[in-house]
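What follows is a single structure, written as C-alpha cells, with notes after it.
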Ligand code: FAD
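Numbering (the working numbering), first residue to last: 73 to 914.
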C-alpha cells in the first residue's frame, strides 16, 4: 500500500506515524510545502515572548528523525498543486526551484490545515504586518521585535508599539507575549467581547485582567486601513481612531485550506471545510482528510462545523490512519474544547456556548457559580467563574466554560468528559473528584455547579439572568441580601437591602404574592433566602444566576478604578504602582492576607482591620479577588480612608490603605472624603462620630434615629446609640427566651410594645392603624422597615447600647434584647458623647 500525505504537521504527521505502526510495509510519503514538519505551532507565541528560549524545542520531529524512527519519506518544500483522482496521482511542485513531478498513490490523505484570514483592507500586505502560522512567521516577527527592542533599549527610539488585530486565542497569546517583551500593545476586536469561544460574561473578567496588565483593548471596531508612516504603520480603525504601530499582528481567524480538494471536485461541507464521513473518508473512497481543513459533526449542536484545534486534528488523523489500514474506526464528533492563558488568568470552554445554543434554537438553561479554584484558606487561589449550559428537561450537560486563575484547566476537562459522554447535571453532583486543600474543595466547583443546575431542573430554584435586566425585575421588589457594607459599595438601582441575617425576622409582614427578585454576590446567600421565602409561602421568587459578580461582568461594571499602566513591562514584573499617593505614612504597618477570600470577605476583613487600627496606620492588604480593584476605591471613598496604592499581584491586587482620622500626609490625589485643612501640613481630617440617646419609644422617632444613624455610617462616621426608657423597646427581641418574671415585670411587659415591630406612632396612632399604614407606605416607596434599618445599622458597625438602669426599672433582661446589644450606663453614654461631633437626643 502506498500512502501519500499532503501536509506534514499536526494531522499529517499523525496519519503517517499511525499508519506505520499499523502497516510496517506500507510506502509512506509525506509532502509538506513548508520547510518544517511536525513542529509545535501552539508554542510559536511563547518563543516570541521569550518564555520558550530554545527554538529547536519547537521542532518536535524532523524529516531525518521521522525516517529513522518510522521509515517515512518526508519531503519538505514539496507542494501538491493538483490531484488526478482518476489516475490516482498528485502533481508536486518543488518550492525551491519550481520543478514539478507526479506521485502515484493507493491512498491519499489531505491535511493541508487552515490559512489566516486576511481582510481585504488597504495596506494589509505591508512589511510590518504579520500572521503567525509557521516557524518562518515566528522567526520574522521575533527578528523585527528583537531589533526594535534593542533600538529602544539603546535610547535610539521610543517604546515599541504593537497592534494585534483579533482577540481570539492566538491574538491574546501574542498580546501577552509582546507585552511580556516590553512592547506597548493595543488589541483591536470587531466583536463586543474578547475570546469568541466563550460567552460574554466569562470574557469580561479576562478582558479586565488584560487591561490591568497594561494592554489596551478596543472592542466593536476593526482595522479599516493600514498606512506606512515614518518607519511605522498607522492602523486606522473603523471608529476613525488611529493607532501607531511598529508591528501589526493579524489574528483575525482562519479558514480551511480547501483549494486542492475543491479543484479535485471533492465535496465540501456547509461551512466550507472538506466533507468527511465518520471514517474521515472524503467523497472519494481513496482519499481521506483530517485536521483544520475538515468539517466534523458537533457533539452538541445540530450539523457539522469547523474546529481548528490541535486535539481534534490529531484524533481525526488517528481515525483516518486506522481506516486507511483497513480497520473500522469512527470519529464521532468535535466539541471544541479549548483553553488559553492570558497573563495570570486562564479561560476556556467545551461543548456549546449559550450564544451558539441561542443561534441554533436549542432549548437550554444556564447556571453560573463563582467558587475558588481550591480551598480558600490554602494560599494561591482566587475566584473562578464557571458556567454550565444544560438541557432543561433531562439536565444533559451541553457545554461549560470557566475563567479564573487556578484549577481552570481541570474543571474544563471534567466538563469536557461530561459533554462527550452525555452526562447530566445530576452526574456532576455525584462526581467524586480529587481533593486536598492545594487542589480543590470538598465540594468541588464541578459539584457546586451540578448542585445549582440540579436545583433548577428539580424546580428547587428559579433563576433570573443578568442579560434579562431590567425586564427581569419589572414590577418586582428587588431584594439584595448582602451586607450593608457590600450594598454600600454597589447595588442594583431600586434594590432594598435586607441582609440574609435579618430576612427571616422582617419578612413576616411581606405580601407573599408580590414578585421578588433576589440577589447577592455570587448566588449562594440569595439561594438560602430563596429557600427560606419559598417555604414561607412566597410564590413569585427568582434569584440572580451568579449574583452581582455575573451581573457586573455582563454589564461590564467591573472596570478597575485604576489606570492601566502603559509603560513597557519587563518579565511579568508588574512592579509599578498604578497610582501612588503620599510616599510614606506616619503610623504602623499592618499586613493583611485576604487571598483566597471571595467577595465580600476581603472588604469585611479590611474593614475590621482598619477599624482596629489607629489613624495614620497603613494596612497592606493582599487580595486574590479581582473585583477588589473596583471595590477597594469605592469602600475607601465611602469610609474616609486613603488608598495609597493598588497594584496587580498574582491573580488579584495588593493595596495599601491608610486609616483616615488624623496624622495622614497630604497626597497628590487626596482621598475624596478627606477634608484638606489647607494649612501647611495639609492634614486630612477623618470622619466624625455621632451619638444618640434614644429615649422615645415612638415608631416614627425611632425610625428617624435609625435613618440618621445609617446615613452617618454611610458617610463613614462612627455611630453610638444609647437606648433608655421607652426607646429600649425598639431593641427587644420578637420572641425572647422564656424566663421567670416578677409580677411587676410581667405587667410592664404586657403594657409595653414587645419589639420594634409593635411600636406606636407619636401621633395618628389610631389604635394601631397608623403604624400599619405607615409600614405599607414605606414598603411602597421602597423604604426599609424599622427592623431592617436596625439590622443595617448594627451590621454597619453602630454600637447599640441598652441602658442598664432602665432594664432594672422595667424588668428587661439582656436575653430579652436583640443579639449584639451592649449594656451600659450613663458613663458609657457620656464617654461616647464626649468623643462625638454630633449628639442627638430623641
Ligand atoms: P497544520 O498543522 O497547520 O498543518 C498543515 C500543513 O499542511 C502546513 O504545514 C502546510 O504548509 C501544509 N500544506 C498545506 N497545503 C499544502 C500543499 N498543497 N502541499 C503540501 N503541504 C501543504 N490548537 C490548540 O488546540 N491549542 C493551541 O494552543 C493552539 N495554539 C496555536 C497557536 C498558533 C500560533 C497556531 C498557528 C495554531 C494553534 N493551534 C492550537 C491550532 C493547531 O495548531 C491546529 O489546529 C493544528 O495544527 C491543525 O493541524 P493540521 O494538520 O490540520 O494543520
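Glycine included, C-beta positions come from ideal geometry on N, C-alpha and C. Nothing here was measured: the structure is a model prediction, and the numbers come from that model.
Subject >> Cβ pair residue 491, residue 426 closer than 8 Å >> reply: To locate residue 491, count along the chain shown from 1; it is residue 419. To locate residue 426, count along the chain shown from 1; it is residue 354. Not a contact, by the Cβ cut-off of 8 Å.
Original post:
Beta carbon of residue 601, beta carbon of residue 619: below 8 Å?
Top reply: Taking the first residue of the chain shown as position 1, residue 601 is located at position 529. Taking the first residue of the chain shown as position 1, residue 619 is located at position 547. No, these two residues do not count as a Cβ contact at 8 Å.
**OP:** List the residues that DSSP assigns as beta-bridge partners of residue 165.
**Re:** In the chain shown, residue 165 corresponds to position 93, counting from 1. According to DSSP, which records beta bridges pairwise, residue 165 is partnered with 151 and 172.
Original post:
Is there at least one non-hydrogen atom of ligand 1 closer than 7 Å to the beta-carbon of residue 410?
Top reply: Indexing the chain shown from 1 puts residue 410 at position 338. It does: the Cβ of residue 410 is within 7 Å (strictly closer) of some heavy atom of ligand 1.
Original post:
DSSP state of residue 558, grouped into three classes?
Top reply: Residue numbering aside, residue 558 sits at position 486 when the chain shown is read from its first letter. Looking at residue 558 - three-state DSSP - the assignment turns out to be helix.
Subject >> Straight-line Cα distance separating residue 470 from residue 782 >> reply: Locating residue 782 in the chain shown gives position 710, counting from the first residue. Locating residue 470 in the chain shown gives position 398, counting from the first residue. C-alpha separation (whole angstroms): 47 Å.
**OP:** Return yes when at least one heavy atom of ligand 1 lies under 7 Å from the C-beta of residue 183, else no.
**Re:** Along the chain shown, read from residue 1 onward, the residue named residue 183 stands at position 111. Yes; taking the cut-off as 7 Å, the Cβ of residue 183 has a heavy atom of ligand 1 nearer than that.
Subject >> Check whether residue 201 and residue 320 have beta carbons under 8 Å apart >> reply: Along the chain shown, one-based indexing puts residue 201 at 129. Along the chain shown, one-based indexing puts residue 320 at 248. The answer is yes: Cβ separation under 8 Å.
Original post:
Which residue's Cα is closest to the Cα of residue 475: 488, 429, 206 and 416?
Top reply: The sequence position of residue 475 within the chain shown is 403, counting from 1. Here the closest residue by C-alpha is 416.
Original post:
Quick one: what does DSSP say residue 367 is sitting in, helix, strand or coil?
Top reply: Taking the chain shown and counting its residues from 1, one reaches residue 367 at position 295. If DSSP states are grouped into helix, strand and coil, residue 367 belongs with the strands.
**OP:** Measure the alpha-carbon distance for residue 448 versus residue 304 and round it to whole angstroms.
**Re:** To locate residue 448, count along the chain shown from 1; it is residue 376. To locate residue 304, count along the chain shown from 1; it is residue 232. Cα-Cα distance, rounded: 48 Å.
**OP:** Could you tell me whether the region 263–276 touches the region 421–437, where touching means 3 or more Cβ pairs closer than 8 Å?
**Re:** yes
**OP:** Output the distance between the C-alpha atoms of residue 915 and residue 523, rounded to the nearest integer angstrom.
**Re:** Residue 915 lies beyond the residue range present for the chain, which begins at 73 and ends at 914; the question has no answer from this structure.
Original post:
Considering only C-alpha positions, which residue in the set 766, 771 and 885 is nearest to residue 812?
Top reply: Indexing the chain shown from 1 puts residue 812 at position 740. When only C-alpha atoms are compared, the closest one is 885.
Subject >> Three CB pairs or more closer than 8 Å across the region 888–905 and the region 762–770 >> reply: yes
Original post:
Any chance the region 868–877 sits against the region 720–729, with 3 or more Cβ pairs inside 8 Å?
Top reply: no
**OP:** Pair every Cβ in the region 504–512 with every Cβ in the region 540–547, then say whether three or more of these pairs are closer than 8 Å.
**Re:** no
Original post:
In whole angstroms, what separates the C-alpha of residue 351 from that of residue 322?
Top reply: Position 279 of the chain shown holds residue 351. Position 250 of the chain shown holds residue 322. When rounded, the distance between both Cα atoms is 35 Å.
Subject >> Under the three-state DSSP convention, the category residue 124 falls into >> reply: Position 52 of the chain shown, counted from the start, is the residue given in the question as residue 124. The answer is coil: DSSP assigns residue 124 none of H, G, I, E or B.
Original post:
Shortest alpha-carbon distance to residue 558 belongs to which of 894, 868 and 389?
Top reply: Locating residue 558 in the chain shown gives position 486, where the first residue counts as 1. Looking at the Cα atoms, 868 is the closest of the given residues.
Subject >> Environment of residue 596 [buried if 16+ CB atoms lie within 10 Å] >> reply: Stepping through the chain shown from its first residue, residue 596 is reached at position 524. Residue 596 comes out buried.
**OP:** Whole angstroms is fine: what's the gap from residue 779's alpha carbon to residue 678's?
**Re:** As a working mapping, residue 779 is identified with position 707 in the chain shown. As a working mapping, residue 678 is identified with position 606 in the chain shown. Distance between the alpha carbons of residue 779 and residue 678 is about 25 Å.
Original post:
With a CB to CB cut of under 6 Å and the five nearest residues on each side skipped, what residues in its chain are close to residue 292?
Top reply: Your numbering for residue 292 matches position 220 in the chain shown. Counting only Cβ-Cβ distances below 6 Å, and skipping sequence neighbours, we find 264.
Subject >> Simplified DSSP assignment, three categories, for residue 114 >> reply: Residue 114 sits at position 42 when you count from the first residue of the chain shown. Residue 114 falls in the helix class under three-state DSSP.
Subject >> Closer than 7 Å: residue 78 CB and nearest ligand 1 heavy atom >> reply: Residue mapping note: residue 78 aligns to position 6 of the chain shown, counting from 1. Yes - ligand 1 has a heavy atom lying nearer than 7 Å to the Cβ of residue 78.
Original post:
What are the partner residues of residue 257, as DSSP defines its beta bridges?
Top reply: As a first step, residue 257 is located in the chain shown; it is residue number 185 there, counting from the start. For residue 257, which the question treats as bridged, DSSP gives the partners 234.
Original post:
Start and end of the beta strand (DSSP E) containing residue 129?
Top reply: In the chain shown, the residue the question calls residue 129 occupies position 57. Residue 129 -> no beta strand (DSSP E), and no H or E assigned at all.
Original post:
When you compare only the Cα positions, how much space is there between residue 246 and residue 119?
Top reply: Here residue 246 is taken as the residue at index 174 of the chain shown, counted from 1. Here residue 119 is taken as the residue at index 47 of the chain shown, counted from 1. Whole-angstrom Cα-Cα distance: 10 Å.
**OP:** Tell me where the beta strand (DSSP E) around residue 316 begins and ends.
**Re:** Numbered from its first residue, the chain shown carries residue 316 at position 244. Taken as a continuous stretch (DSSP letters only), the beta strand (DSSP E) holding residue 316 covers 314–317.
Original post:
What does a CB cutoff of less than 6 Å around residue 912 pick up in its chain, not counting 5 residues either side in sequence?
Top reply: The residue given as residue 912 occupies position 840 in the chain shown. For residue 912, where only same-chain residues beyond five positions count, the Cβ hits under 6 Å are 764.
Original post:
Do you know offhand how far residue 450's Cα is from residue 515's?
Top reply: Taking the chain shown and counting its residues from 1, the one referred to as residue 450 is at position 378. Taking the chain shown and counting its residues from 1, the one referred to as residue 515 is at position 443. Distance between the alpha carbons of residue 450 and residue 515 is about 15 Å.
**OP:** Report, in whole angstroms, the separation of the C-beta atoms of residue 294 and residue 260, which I expect to be a contact under 8 Å.
**Re:** Looking up residue 294 in the chain shown gives position 222. Looking up residue 260 in the chain shown gives position 188. Rounded, the Cβ-Cβ distance is 7 Å, consistent with contact.
**OP:** Please report the Cβ distance between residue 331 and residue 340, rounded to the nearest whole angstrom; I am assuming they are in contact, meaning their Cβ atoms lie under 8 Å.
**Re:** Within the chain shown, residue 331 is the residue found at index 259, counting from 1. Within the chain shown, residue 340 is the residue found at index 268, counting from 1. Not really, about 11 Å apart at Cβ, beyond 8 Å.
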